[in-house]
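Undergrad: Following this message is one structure expressed as structure tokens.
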């Protein structure tokens, strides 16, 4: 869906070091009108038609480039922003979402990822094309609350979206997990997967995976005499010092203390918090996620 025969209007800002945005733009010209602009010109874009998306293209973002994204968001707050980057970094993705970025896309794009982006953009445009009068009518109408059974069904469906990823994590939490692969299993873009996971489980998928690893380590510490370093490695920790720090932070004691003594009240509280973080909230709905 587009708001003109040319397709949606995408304004591109080139923040790469090798000025490679024009090559990336060509992947989008089949379904959109693309224009290369300067970031400072977006406060008053002066476009002859409504802008549908601002595309900020980075290779490996630096502080100056990320500050420009904030400036663009302040200058054009009503226009959604997509951030394109070759840097695969969970911290950067979280920063982008908190900064109000609509979509965070890691490069290079596969054909399937490009199709998913186009579909998500079409859905966004349908929402944005509501006229002011329609929005006012909707805001002025009163609708009764949905019945609990209907709300539960909708919540169930949202959890079902993540079921393939949760099943995969449960089987492979001791391995290095790739966010793009987890998102692909769910039919979502990486940033949408990240947002939905945090919304439904209260933690990002990395924290969820960390909790799984620590639960595995606790079981081995309590039921075997394996060396602590070996347990950490088998749980998925490649750095023994990181294993010790993470265990202390989330369980409330060191691995050796956990093995040798009964948990204190503080430790038991920390363990309960860990279990809350790692228990899929979809369990409350009786979903089978392969746990």
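Numbering (my numbering), first residue to last: 2 to 292. Backbone N, C-alpha and C define an ideal beta-carbon position, used for all residues, glycine too.
1. Apart from the five residues on each side of it in sequence, which residues of its chain come closer than 6 angstroms, Cβ to Cβ, to residue 217?
2. Does the beta-carbon distance from residue 11 to residue 57 come in below 9 angstroms?
3. State the start and end residues of the unbroken alpha helix (DSSP H) segment that holds residue 22.
4. Starting from residue 15, trace the beta strand (DSSP E) in both directions and tell me its first and last residue.
5. Could you give the first and the last residue of the continuous beta strand (DSSP E) run that contains residue 43?
6. If the criterion is Cβ atoms closer than 9 angstroms, does the pair residue 192 and residue 106 meet it?
7. Would you check if the distance between the CB atom of residue 206 and the CB atom of residue 166 is smaller than 9 angstroms?
8. Going by DSSP, which residues form a beta bridge with residue 37?
9. When DSSP labels each residue in this structure, what does residue 114 get in the three-state scheme?
10. Pull up the DSSP beta-bridge partners for residue 56, would you.
11. In or out: residue 219 buried (at least 16 other Cβ within 10 Å) or exposed?
12. Hey, out of 262, 104, 20 and 75, whose CA is closest to residue 85's CA?
TA: Reading from the atomic positions:
1. 236
2. no
3. 22-26
4. 10-15
5. Counting along the chain, residue 43 falls outside any beta strand (DSSP E), and DSSP gives it neither H nor E.
6. yes
7. yes
8. 13
9. helix
10. 13 and 83
11. buried
12. 104
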